[in-house]
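K.L.:
Numbering (the numbering used here), first residue to last: 201 to 480. We put the CB at the ideal spot given by N, CA and C, even for glycine. Bear in mind that the values here come from a model prediction, so they are computed numbers and not experimental data. Sending over a structure as structure tokens; questions will come in a sec.
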Amino acid sequence: MEHMKLGEMDIYWLSGGEIHLDGGAMFGVVPRVLWSKKYPVNDQNQVLLRTDPILIQTAGKNILIESGMGNDKLSDKQLNIFGVTEQSEVEKDLNKLGLCKKDIDMVLMTHLHFDHACGLTRWEGDRLVPAFPDAVHVVNHIEWEEMKSPNIRSRSTYWEENWKPITDLVRTYDKAYRVIDGIELIHTGGHSRGHAIIRLESKGEKAYHLADILPTHAHQNPLWVMAYDDYPMNSIYAKQKWIQQAVEEDAWLLFYHDPYVRALKWDQKGNIVEQLKRTD
């Protein structure tokens, strides 16, 4: 698994699963002839995406960002539709670090779409239980309420099996939430009404996890937003704001979905000046 240091923080990418989604959906109104120059596509017009949670170890805490695809949560039909070729190995990766799921202190959710939230619960016999039973689960209150009462569009991605078992573990917030010193969730909207990003800082070094506002390195252009975005103009504004801030602060940008790049830094001209590539 890939690892980087951010000041006194240790950051690891865990194996949360692998999916293949329609390239047109991932790049919205951008023509394939443009985006395919920056991101590989197969003959079914599908692009490869990871769903890899990010583990932060700092101040004696184990903090997980996102939860991956989980295991045995999708039907055969869903596995085919979403092109799932690998399910979660989060527990195995935690074991490699001398940890288990009960060692996770907090789970920070940028939003609760199925590809981020399926790993929040697991099967125990014939019932679903929290995958991280001792963790506080932090999510924006707008996202949490829509998760529980989805509309005609969002019910395809907000599933009760991903929220009912964790109800007693959830902590919600409004505009921003300081987790501990150096870790903050900030509400942005855009991809969903309750979508948030995460800001990290330690010893003067900074990083941003923009989640599905910036799903891959190929989505650098502010106008390249997903057809999955419920409020695309909000995504565009958020992307403009936070990428520019990251550039000005010489900050890392971290990825959950990108199968090629785990983290990078861009300069003012949009050139990659430093990056951590996925190696496995």
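1) Cα-Cα, which of 454, 306 and 315 is closest to residue 283?
2) Any chance you could list the beta strand (DSSP E) runs of at least 3 consecutive residues sitting entirely within the segment 309–367, in chain order?
3) Our contact map puts residue 265 next to residue 366 with C-beta atoms below 8 Å; I'd like the distance itself, whole angstroms only.
4) Which two residues bound the contiguous alpha helix (DSSP H) that contains residue 446?
5) Quick test of the definition: if touching needs 3 or more C-beta pairs under 8 Å, does the segment 445–464 touch the segment 407–416?
6) Skipping 5 residues on each side, what residues in its chain have a beta carbon closer than 6 Å to that of residue 422?
7) Measuring only the C-alpha atoms, how far is residue 462 from residue 371?
8) Grab me the residues of residue 252's own chain with a C-beta within less than 7 Å of its C-beta, minus the 5 sequence neighbours each way, in chain order.
9) Kindly indicate which three-state DSSP category residue 307 falls into: helix, strand or coil?
10) Taking buried to mean at least 16 other C-beta atoms within 10 Å of its own C-beta, is residue 230 buried or exposed?
11) Look up residue 497 in the DSSP assignment and say whether it is helix, strand or coil.
12) Assuming residue 408 contacts residue 451 (C-beta within less than 8 Å), just tell me the rounded distance between them.
13) Do residue 261 and residue 380 come within 8 Å of each other at the CB atom, strictly closer than that value?
14) With distances taken Cα to Cα, identify the nearest neighbour of residue 359 among 368, 352, 374 and 347.
15) Quick one: any contact between the segment 323–339 and the segment 301–310, if contact means 3 or more CB pairs under 8 Å?
16) So, with DSSP's three-state summary, where would you put residue 261?
17) Determine the DSSP secondary structure at residue 229, reduced to helix, strand or coil.
18) To the nearest angstrom, how far is the alpha carbon of residue 394 from that of residue 469?
19) Starting from the C-beta of residue 467, find all residues in its chain whose C-beta is less than 6 Å away, skip the five residues before and the five after it, and write them out in chain order.
20) What is the DSSP secondary structure of residue 375, counted as helix, strand or coil?
21) Taking a contact to mean a Cβ-Cβ separation below 8 Å, would you say residue 464 touches residue 206 in this structure?
22) Where does residue 433 land, buried or exposed, given buried means 16+ other C-beta within 10 angstroms?
23) For the segment 242–291, list the alpha helix (DSSP H) runs that are entirely contained and at least 4 residues long, ordered along the chain.
24) With respect to the beta strand (DSSP E) encompassing residue 405, which residues constitute its N-terminal and C-terminal limits?
25) Quick check on DSSP: helix, strand or coil for residue 463?
P.N.:
Put simply:
1) 315
2) 321–324, 327–330 and 336–340
3) Residue 265 to residue 366, Cβ: 16 Å. No contact.
4) 432–448
5) yes
6) 436, 439 and 440
7) 28 Å
8) 213, 214, 215, 216, 268 and 456
9) strand
10) buried
11) Because the chain here runs from 201 to 480, residue 497 falls outside it and cannot be looked at.
12) 6 Å
13) yes
14) 347
15) yes
16) strand
17) coil
18) 31 Å
19) 473
20) coil
21) no
22) exposed
23) 276–281
24) 405–409
25) strand
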